[in-house]
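Engineer: Sending over a structure as structure tokens; questions will come in a sec.
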Amino acid sequence: MTVQIDHALEEIRRFRPSPEFAAQAVADDGLYEAAKADRVGFWADRARELLTWEKPFTRTLDWSNPPFAKWFDDGELNVAVNCLDRHVEAGLGDRVAIHFEGEPGDSRDITYAELTDEVKRAANVLEGLGVGEGDRVAIYLPMIPEAVVSMLAVARIGAIHSVVFGGFSSDSLASRIDDAEAKLVITADGGYRKGRVFPLKPTVDEAISKSAGSVEKVLVVKRTGNEVGVEAGRDVWWHDTVAGASGEHAPKAFGAEHPLFILYTSGTTGKPKGVVHSSGGYLTQAAFTHKNVFDLHPETDVYWCTADVGWITGHSYVVYGPLANAATQVLYEGTPDTPHPGRWWEIVEKYKVSILYTAPTAIRSFMKLGRQIPHQFNLRSLRLLGSVGEPINPEAWIWYRHVIGGGSIPVVDTWWQTETGAIMISALPGITDLKPGSAQVPIPGISIDILSDDGTPVEGEDGGLLVITEPWPSMLRGIWGDPERFKETYWEKFGDKYFAGDGARRDEDGDIWLLGRVDDVMNVSGHRLSTAEIESSLVAHPWTAEAAVVGATDETTGQAVVAFVILKQSQAEAAQADTAAASEELRKHVATQIGAIARPRQVFIVNELPKTRSGKIMRRLLRDLAEGRQIGDTTTLADTSIMQIISEQVK
Ligand code: WT7
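In terms of my numbering, the sequence shown has 461 at position 275, counting the first letter as 1, and numbering is strictly consecutive.
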């Protein structure tokens, strides 16, 4: 199996939608035509058709002050009401919103009426704890229904959530609490993962003790029943408060531009960026794409997105898109291989999942295990498959379609980012001829181009940098507290065109192929990691003198973190005897400082790093080494023999 992108570009297979699928498809060609005729008007129609507005908007787009866009800005709505109350009012209260499946095997179905009731009670509790409009709430929970309830309760009262993935360390949590000055943290005693309890509350306690002091209250869900410390006056239990709270909660309407959430993501510097999303524009595009890209028939489909709510995919395609569309979905707490490697397929069979949305890295790990595992289960309910997070190599695409999908159902590869808020490039099932390995075409109403480094559009079959040329409803509204960084990161390079940070190529049919990041951002298992952030973590260890990190191609995870570290003189001698122990210590250190997802696959202890005459580390050469390739051009190195020496040491 190969995951080389170059190889993907030679892919020539095309798959026509089956006539049966096309006949029942939600999307139709008219969407492209409507968007082409009047792009802004197209989005106004979608916003009116898909959402319920307390106060209708009269202005669609204000782009008078780029890069700060406003969509539907004189309109008012309540996002939680759009995801809950209005469905109950429409008579859908008995529809299952969430089939929850816990890792230990406990399960629970929650209807729209029950979810609405729980969110109202939680909203009352949050207000009782002093949280109001515009306040920030950090959410640090496992994949349990209370995570969804918390997000919607925060949205309902006009507060702003900042969900922090439960795998992040106390340092990472503390820096996110501080940056947003969160008033409340919602957490759990623990969660289940790989058959074990992972404690969350102690990490929150640690984070708060390291933080600057904005946190007033901590709301704790009891999930695992492990012992946790409770700080009187600060900590309150969910079951003591939410269960007994009033189920009456009158929702207020908020402006369409009111911030809905902050979500931190890695950039090219060490400090994560707090990406800010809006209410009306965000929800419009999340709902539109969820419906059309996944061909959602909410009366009959059972949808499952395997992402954690700690990432943008979980925000847009577990919480906001599906619930705005009144979908029935599966929420699974645990890992794919616990307690057995067929767990996901068992879940598909149990709930008759019809739409599955996951990441290439997961598909590739299943490929490694072989088709006999999924084949033990009845997967015939599946009728659409989606992929997100990184380019899906054609081999994985074909395997996904054949082994999981039975050979004839659509596979959509969706390109987007934390910053774009919702899907931007994807085939529309039933309409687009599918091409394995390519994300294909911008969705209706989205304008994409490929530019060369000097900003000129590349013509025809050629490669360059991916840009978004017109504002879109779910675009980030900025970086929390840092408008300068917002401008610098995305808008400095090409003026009023949004620079995505990805390389891309257009083929002879005009389809777009994503080629990976062009900056110092790595993509490990579909998650974004910054080389600078991991380097600063390594340098913070007392043994480290200098460190360089690269993302090396990895068969399963897409890229893997590989670090090259020079130890301080005092450590060097001891470590010489046992480099294995030194690199293990450093791998662990990164996992503790940032989170397990950032743990390097390898840490090589070296005496030198390749640098240019001006002292810049040439990561390109280290990547050649990490990927076992012939070392590239070394003529700009200050000392051209260095790579020879480093190669010897790495061996
Ligand atoms: C980066 C964004 C969007 C949710 C998951 C990741 C890469 C994402 C694809 C795809 C090729 C993709 C890009 C992008 N990426 N989806 N279908 N094909 N590359 O969100 O953490 O904000 O990362 O993921 O490099 O810039 P994120």
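Even for Gly, the Cβ is constructed at its ideal location relative to N, Cα and C.
In chain order, what residues of the same chain have a beta carbon less than 7 Å from the beta carbon of Phe474, not counting five sequence neighbours either side?
Structural biologist: Arg232, Leu236
Engineer: Within the 8 Å Cβ cut-off, does Ala777 reach chain D?
Structural biologist: Annotation note: the requested chain D is absent from the structure, which comprises a single protein chain.
Engineer: Let me know the alpha helix (DSSP H) ranges lying completely inside the region 452 to 529, each 4 residues or longer, listed in chain order.
Structural biologist: 466 to 479, 507 to 510
Engineer: In whole angstroms, what separates the C-alpha of Gly838 from that of Phe563?
Structural biologist: A question about residue 838 goes unanswered here, because the residues of the chain that appear run from 187 up to 837.
Engineer: Identify, in the order they occur along the chain, each residue of the same chain with its Cβ nearer than 6 Å to the Cβ of Thr492, setting aside the five sequence neighbours on each side.
Structural biologist: Thr544
Engineer: In three-state terms, what does DSSP make of Pro628?
Structural biologist: strand
Engineer: According to the neighbour-count rule (16 or more other Cβ atoms, all chains shown, within 10 Å of its Cβ), is Thr188 buried or exposed?
Structural biologist: Bear in mind that the predicted position of Thr188 carries a pLDDT of just 30, short of 50, making it too unreliable to give a figure here.
Engineer: For Ile803, collect the residues of the same chain with a Cβ closer than 6 Å to its Cβ; drop the 5 residues on either side in sequence, then sort them by chain order.
Structural biologist: Ala734, Leu795, Lys797
Engineer: By DSSP's criteria, Glu287 is part of a beta bridge. Which residues make up the other side?
Structural biologist: Ser293, Tyr518
Engineer: Can you tell me the Cα-Cα spacing of His193 and Gly623, whole angstroms?
Structural biologist: Its pLDDT being 49, under 50, His193 is placed unreliably by the model, and the measurement read from it follows with that caveat. Taking the straight line from one Cα to the other gives about 10 Å.
Engineer: Apart from the five residues just before and just after Tyr450, which ones in its own chain have a Cβ nearer than 6 Å to its Cβ?
Structural biologist: Arg362, Pro458, Gly460
Engineer: Using the DSSP secondary-structure output, state which residues sit across from Tyr684 in a beta bridge.
Structural biologist: Ile654
Engineer: Below 7 Å, is the gap between the Cβ of Ser573 and the nearest heavy atom of the ligand WT7?
Structural biologist: yes
Engineer: Just verifying my parser: in three-state terms, what is the DSSP assignment at Lys387?
Structural biologist: helix
Engineer: Just to confirm, does Asp688 get its C-beta within under 7 Å of one of the non-hydrogen atoms of the ligand WT7?
Structural biologist: yes
Engineer: Return yes when the C-beta of Gly781 is under 7 Å from any heavy atom of the ligand WT7, and no when it is not.
Structural biologist: no
Engineer: Considering just the uninterrupted stretch of the beta strand (DSSP E) at Ala255, what are its terminal residues?
Structural biologist: That run of the beta strand (DSSP E) goes 254 to 257.
Engineer: Here's the rule: buried if 16 or more other CB atoms are within 10 angstroms of the residue's CB, otherwise exposed. What is Asn793?
Structural biologist: exposed
Engineer: Any contact of the region 297 to 305 with the region 466 to 480, i.e. 3+ C-beta pairs under 8 Å?
Structural biologist: Touching, no.
Engineer: With contact counted as at least three CB pairs below 8 Å, one residue from each stretch, are the region 520 to 530 and the region 496 to 509 in contact?
Structural biologist: no
Engineer: Is Ile448 near the ligand WT7, in the sense that its beta carbon is under 7 Å from a heavy atom of that ligand?
Structural biologist: no
Engineer: Based on Cα-Cα distance, which residue from Ala548, Asp421, Glu434 lies nearest to Lys403?
Structural biologist: Asp421
Engineer: Could you tell me if the beta carbon of Ala548 falls within a distance shorter than 7 Å of some heavy atom in the ligand WT7?
Structural biologist: When distances are taken from the beta-carbon of Ala548 to the heavy atoms of the ligand WT7, even the shortest one reaches 7 Å or more.
Engineer: Classify Val416: buried if its beta carbon has 16 or more other beta carbons within 10 angstroms, exposed otherwise.
Structural biologist: Its Cβ having fewer than 16 others within 10 Å, Val416 is exposed.
Engineer: Would Thr373 and Val401 qualify as a contact pair, given that the criterion is a beta-carbon distance under 8 Å?
Structural biologist: Not closer than 8 Å, so no.
Engineer: Could I get the ranges of all uninterrupted alpha helix (DSSP H) runs contained in the region 707 to 756, with 4 residues as the minimum, in chain order?
Structural biologist: Qualifying alpha helix (DSSP H) stretches, in chain order: 717 to 725.
Engineer: Under the rule that 16 or more other beta-carbon atoms within 10 Å means buried, what is Thr845, buried or exposed?
Structural biologist: A query on residue 845 cannot be resolved here, the shown segment of the chain reaching from 187 to 837 and no further.
Engineer: By Cβ distance below 6 Å, which residues in the same chain neighbour Arg773 in space, the five residues on each side in sequence not counted?
Structural biologist: Around Arg773, the same chain offers Arg785, Pro786, Val789 as residues with beta carbons nearer than 6 Å, after the five sequence neighbours per side are excluded.
Engineer: With DSSP as the reference, label Gln210 as helix, strand or coil.
Structural biologist: In this structure, Gln210 counts as helix in the three-state DSSP scheme.
Engineer: May I ask which residues mark the beginning and end of the beta strand (DSSP E) holding Leu570?
Structural biologist: 570 to 574 is the extent of the beta strand (DSSP E) around Leu570.
Engineer: In chain order, what residues of the same chain lie with their CB nearer than 6 Å to the CB of Gly649, ignoring the 5 residues before and after it?
Structural biologist: Arg691
Engineer: Under a Cβ-count criterion, where at least 16 other Cβ atoms within 10 Å of its own Cβ denotes burial, should Gln779 be classed as buried or exposed?
Structural biologist: Gln779 comes out buried.
Engineer: Have a look at Tyr468 and Gly507 and give me their C-alpha separation to the nearest angstrom.
Structural biologist: Between Tyr468 and Gly507, the C-alpha separation is close to 9 Å.
Engineer: Give the DSSP bridge partners of Val323, in chain order.
Structural biologist: His347, Leu370
Engineer: Around the Cβ of Asn579, are there at least 16 other Cβ atoms within 10 angstroms (buried) or fewer (exposed)?
Structural biologist: buried
Engineer: Using the Cα positions of Gln830 and Leu807, report the straight-line distance between them to the nearest angstrom.
Structural biologist: 11 Å
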